[in-house]
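Each remark here refers to the structure printed beneath this line.
In the working numbering, the protein residues as written are 82 to 216.
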C-alpha cells in the first residue's frame, strides 16, 4: 500500500518538474522569437514608427507569458514540496516499522521545514540536526 503511494508521489513530482521545464522552455522560445522579430522589423523600418507600434504589440504579450510562467513555476514548486514531504512521511513510516533500515535511506525521514540537504557522511556538520531543532 505504501509502495503504491510512494510511486504515485514520485510520478507526481516528475510531472511537476516536467511541467516547469516545459513552461520555462516555452517562455525562452517566446523571448528568442520576439527578439528576432523585433530585430527584423527594426532593420526594415529603420527604427521608425512601425517598429514602435510592433514593439508595443509584442512586448505586452511577452510580459504576460513571463508573468504566467513565473506564477505557475511558483505553484509547481509548492506542489513539488508537498509531494516531497509526503515521500518523507512514508520513509518515516518505514523507519518506524524497521528502525534498522534508517541508515540505508539517503533522503530525510522527517518532513520538517526546511529540509536540510544531507551529505554522504550524514547531516551537514555546520547545520543543526533535525532532532535538535527547537521548532
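For every residue, glycine included, the Cβ atom is placed at its ideal position computed from N, Cα and C.
Predicted, not measured: the structure shown is a model, and the values here were computed from it.
Put simply, the backbone Cα of residue 100 is about 8 Å away from that of residue 157. By the Cβ-count criterion, residue 181 is exposed, with fewer than 16 other Cβ atoms from all chains shown falling within 10 Å of its own Cβ. Only residues of its own chain outside the window of five on either side were considered, and among them 83, 86 and 87 have a CB closer than 7 Å to the CB of residue 171, listed in chain order. When C-beta atoms of the segment 181–190 are compared with those of the segment 125–133, fewer than three pairs fall below 8 Å, so the two segments do not count as touching. In chain order, 94 and 97 place their CB closer than 6 Å to the CB of residue 161, counting only its own chain and leaving out the 5 sequence neighbours on each side.
In terms of CA proximity to residue 142, 111 leads the group 120, 111 and 121.
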